[in-house]
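Input: a single structure, listed below in structure tokens.
Protein chains: 2
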Amino acid sequence: MKILVSNDDGIFALGLRTLATSMAEAGYEVTVVAPDRERSATGHGLTIHQPLRAEAIENVFPPQVKAWSCSGTPADCVKLALGALLTEPPDLVVSGINHGANLGTDVLYSGTVSAAMEGIMEGISSIAFSLTTYKSGDFATAGKFAQTLVAQIAKEPLPTLMLLNVNVPPIDWSELTGVIVTRQGIRRYFDSFQKRVDPRGKTYYWLAGEAIEEVDQLDDPQLASHVLTDVQGIQQNYITITPLQYNLTNIAGINCLETRTFSL
Amino acid sequence: MKILVSNDDGIFALGLRTLATSMAEAGYEVTVVAPDRERSATGHGLTIHQPLRAEAIENVFPPQVKAWSCSGTPADCVKLALGALLTEPPDLVVSGINHGANLGTDVLYSGTVSAAMEGIMEGISSIAFSLTTYKSGDFATAGKFAQTLVAQIAKEPLPTLMLLNVNVPPIDWSELTGVIVTRQGIRRYFDSFQKRVDPRGKTYYWLAGEAIEEVDQLDDPQLASHVLTDVQGIQQNYITITPLQYNLTNIAGINCLETRTFSL
Numbered sequence: 084m085k086i087l088v089s090n091d092d093g094i095f096a097l098g099l100r101t102l103a104t105s106m107a108e109a110g111y112e113v114t115v116v117a118p119d120r121e122r123s124a125t126g127h128g129l130t131i132h133q134p135l136r137a138e139a140i141e142n143v144f145p146p147q148v149k150a151w152s153c154s155g156t157p158a159d160c161v162k163l164a165l166g167a168l169l170t171e172p173p174d175l176v177v178s179g180i181n182h183g184a185n186l187g188t189d190v191l192y193s194g195t196v197s198a199a200m201e202g203i204m205e206g207i208s209s210i211a212f213s214l215t216t217y218k219s220g221d222f223a224t225a226g227k228f229a230q231t232l233v234a235q236i237a238k239e240p241l242p243t244l245m246l247l248n249v250n251v252p253p254i255d256w257s258e259l260t261g262v263i264v265t266r267q268g269i270r271r272y273f274d275s276f277q278k279r280v281d282p283r284g285k286t287y288y289w290l291a292g293e294a295i296e297e298v299d300q301l302d303d304p305q306l307a308s309h310v311l312t313d314v315q316g317i318q319q320n321y322i323t324i325t326p327l328q329y330n331l332t333n334i335a336g337i338n339c340l341e342t343r344t345f346s347l
Numbered sequence: 084m085k086i087l088v089s090n091d092d093g094i095f096a097l098g099l100r101t102l103a104t105s106m107a108e109a110g111y112e113v114t115v116v117a118p119d120r121e122r123s124a125t126g127h128g129l130t131i132h133q134p135l136r137a138e139a140i141e142n143v144f145p146p147q148v149k150a151w152s153c154s155g156t157p158a159d160c161v162k163l164a165l166g167a168l169l170t171e172p173p174d175l176v177v178s179g180i181n182h183g184a185n186l187g188t189d190v191l192y193s194g195t196v197s198a199a200m201e202g203i204m205e206g207i208s209s210i211a212f213s214l215t216t217y218k219s220g221d222f223a224t225a226g227k228f229a230q231t232l233v234a235q236i237a238k239e240p241l242p243t244l245m246l247l248n249v250n251v252p253p254i255d256w257s258e259l260t261g262v263i264v265t266r267q268g269i270r271r272y273f274d275s276f277q278k279r280v281d282p283r284g285k286t287y288y289w290l291a292g293e294a295i296e297e298v299d300q301l302d303d304p305q306l307a308s309h310v311l312t313d314v315q316g317i318q319q320n321y322i323t324i325t326p327l328q329y330n331l332t333n334i335a336g337i338n339c340l341e342t343r344t345f346s347l
């Protein structure tokens, strides 16, 4: 199996090295194309007004891993890999292991998820891995699970093209409750900006702490009511797997608006 | 009604001026907070590692319009407006008028849509407006329709919190077929990168033309089969209104995976 690995924490992040190494140790043919610097919270940004650079990276990954650092965003990295750097398309795109959770509406901002999203947009199943803490940098549990999950998928492929958004709690393997399939939770942010004055007397703002509240989702009749949200799953020490897709259509909204006439 | 206006083409773009002016002329209380430069294809990026600047802008918009340019992305602009610049939350966030279409999977990359997305994430209904051409810079039809649509919503509010992604074809008002509620189409891109060599002999890549193909969506049992995609609607000279939301859960995927055991 050929695997493309990317992330948003940058080419030298430990989470990326853990993921690429765990894939290489399992015997897959691994190529890394990752941003040359931290690119968190870049969402699904693309670089269209500037050229992209790609540089071969040596002595960071196991010798059998081909690696490039790229001047673009995570989505650029995957696009460039598929469109120019790789000679054959990979069987799987994996992204991460992100240092920090990608739960609930975080997925909209997440560079890690957007790299995986770019994969499914080009028809390749993809997995985004995140460790749900900004503190501990211990990626051992997440790396081991990445290996476990990809081995399971190699044996029994996913039924359709999909993106799996995987979040791993920052605990030892022995403390995990298990693995659970979840839905995307909804988190409402209450942003607070700090207003400051710079050394030249000019005002600036900095996005500071955010209070987060999980709000209940509208029930979806297609979804079994026992399916936990990713946020709830992590709270119960599960590894959560949330299948995502790229269609943002608000179907309930269409059904509401269909009876209404918008006129010219 | 209080309206916050943003975009991704930047504070001096004609599309933004057209939208803000059409809202002000209709008698709404308008505040503009828009990027200080072009920020297309930034996706839902946020600025978290740098401060944001906001500068009052005068003599660009009608005198009753308050306007700021902001050093951040479209999503930053809306976040900063709601979190720091506005004293009261607006009733509606409008974004655009984008110079270029935001159809199908474009919405994932679109700064215009992400500004509106930030609105609904903070609980405020939002509308993204786009003119479906990169050529003609004639925003008259789109500006007139923005006024028409917002007046209709002011009179009869939207039934639930939603984002309306509006695309307007680049034709005269008299040539429009009508207004239609659509679903997000799926477009598959076949990217081509140009590989070039810089004056110092180093390689770079530039995202060049893309062949685009609309692929059929899996039928959704909740959706009436007659609902056109946004791409189809535009081809028929309709103004398309696609309700969007921010939940990326792949429900069919969950139902598929529920019968399968992922083990540790």
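Residue numbers (the numbering used here), protein chains in the order written: chain D, 84 to 347; chain W, 84 to 347.
For each residue, glycine too, the CB sits at the ideal point set by N, CA and C.
Just so it is clear, the structure is predicted and the values come from calculations on it, not from any experiment.
No Cβ of chain D is located within less than 8 Å of the beta carbon of W:ARG120.
Among the CB atoms of chain W, one or more fall inside 8 Å of the CB of D:VAL262. In this chain, the beta strand (DSSP E) harbouring W:THR323 covers 321-327. For W:PRO173, not one C-beta of chain D is nearer than 8 Å to its own C-beta.
Distance between D:LEU232 and W:LEU347, taken at the CA atoms: about 8 Å.
A distance below 8 Å separates the beta carbons of W:ARG270 and W:VAL314. Taking a cut-off of 8 Å on C-beta distances, the stretch 197-214 of chain D touches the stretch 164-177 of chain D, as three or more cross pairs fall below it.
Taking the beta carbon of D:PRO242 as reference, the chain W residues within 7 Å of it are CYS339, listed in sequence order. For D:ASN333, the C-beta contacts it makes with chain W under 7 Å involve MET245, PRO326, LEU327 and GLN328, in order along the chain. Counting along the chain, D:LEU232 sits inside the alpha helix (DSSP H) bounded by residues 223-238. For W:LEU247, the closest of W:TYR321, W:ILE210, W:THR224 and W:GLN230 by C-alpha to C-alpha distance is W:ILE210.
Distance from the Cα of D:LYS149 is smallest, within the candidate group D:LEU87, D:GLU258, D:ASN320 and D:LEU259, for D:LEU87. Taken atom to atom, the span from the alpha-carbon of W:PRO253 to that of D:PRO242 is near 41 Å. Rounded to the nearest angstrom, the Cβ distance from D:LEU135 to W:TYR288 is 5 Å, consistent with a contact under 8 Å.
Close CB contacts of D:ILE324 within its chain, under the 6 Å cut and outside five residues either way in sequence, are with LEU247, VAL249 and VAL264 (chain order). DSSP lists D:TYR321 as the bridge partner or partners of D:GLY261. Closest in alpha carbon position to W:LEU186, among W:ARG120, W:THR104 and W:PHE212, is W:PHE212. The residue among W:GLN267, W:SER275 and W:MET106 with its C-alpha nearest the C-alpha of W:ALA225 is W:MET106. In this structure W:THR342 is exposed. Its beta-carbon is surrounded by fewer than 16 other beta-carbon atoms within 10 angstroms. Within its own chain, no residue has a Cβ closer than 6 Å to the Cβ of W:ASN333 once the five positions on either side in sequence are excluded. Burial check for W:HIS132: the Cβ neighbour count within 10 Å stays below 16, so the residue is exposed.
Proximity to D:ILE322 across D:ASN330, D:ARG120 and D:VAL262 peaks at D:VAL262, based on C-alpha coordinates. Think of a sphere of 8 Å around the beta carbon of D:LEU259: the chain W residues whose beta carbon falls inside it are LEU347, in chain order.
DSSP places W:ALA137 within a strand segment (E or B) once states are collapsed to three. Chain W places a beta carbon closer than 8 Å to that of D:SER197, counting this residue as a contact.
If you draw a 10 Å sphere on the C-beta of W:ASP255, you find fewer than 16 other C-beta atoms in it, and that means exposed.
Residue state for D:GLU112 is assigned as strand, using DSSP reduced to three classes.
Non-local beta-carbon contacts of D:LEU327 in its own chain, meaning distances under 6 Å to residues more than five positions away in sequence, involve LEU246 and ASN248 in chain order. W:THR125 and D:GLY98 have their C-alpha atoms some 25 Å from each other. The beta carbon of W:ARG283 does not come within 8 Å of any beta carbon belonging to chain D, so the residue lies off that interface.
Among the residues of the stretch 225-240 of chain W, those with a Cβ less than 8 Å away from any Cβ of chain D are PHE228, THR231, LEU232, GLN235 and GLU239, in the order of the chain. In chain order, GLY166 make up the part of chain W whose C-beta sits under 8 Å from the C-beta of D:SER275. W:PHE228 and D:LEU191 have their C-alpha atoms spaced approximately 29 Å apart. In chain order, ALA167 make up the part of chain D whose C-beta sits under 8 Å from the C-beta of W:LYS278.
Taking C-beta atoms as the reference points, W:ASP119 and W:SER154 count as a pair closer than 8 Å. Contiguous alpha helix (DSSP H) elements confined to the stretch 175-220 of chain W occur at 194-204, taking only those with 4 or more residues.
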